[in-house]
Amino acid sequence: IIIPGYVAVLSGKLEDASGWQVLVGPKEASGIPKYLKEIWK
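See below:
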């Protein structure tokens, strides 16, 4: 799962609770589409 950078402090708890790998993306959620285009080449 990719979460916005503003909530990066939640990444550890999210990972523990869900068992999913948590990636911290750009500060705002609106930047996630661009982030995905850059990391999935």
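My numbering puts the first residue of the sequence shown at 481, with every later residue one more than the last.
Where is the CB? At the ideal position from N, CA and C, for every residue including glycine.
As the structure is a computational prediction, the values presented were derived from the model and not from experiment.
Residue i classed as buried or exposed, judged by whether at least 16 other C-beta atoms fall within 10 angstroms
| i | result |
| --- | --- |
| glycine 505 | buried |
Span of the alpha helix (DSSP H), counted from its first residue to its last, around residue i
| i | result |
| --- | --- |
| leucine 516 | 512–519 |
| lysine 493 | 491–498 |
Distance between beta carbons of residue j and residue i, contact taken as under 8 Å
| i | j | result |
| --- | --- | --- |
| leucine 490 | isoleucine 483 | 7 Å |
Between the CA atoms of residue j and residue i - distance to the nearest angstrom
| i | j | result |
| --- | --- | --- |
| lysine 521 | lysine 514 | 12 Å |
| serine 498 | glycine 492 | 10 Å |
| valine 487 | alanine 509 | 10 Å |
| glutamate 495 | leucine 503 | 9 Å |
| glycine 511 | lysine 517 | 10 Å |
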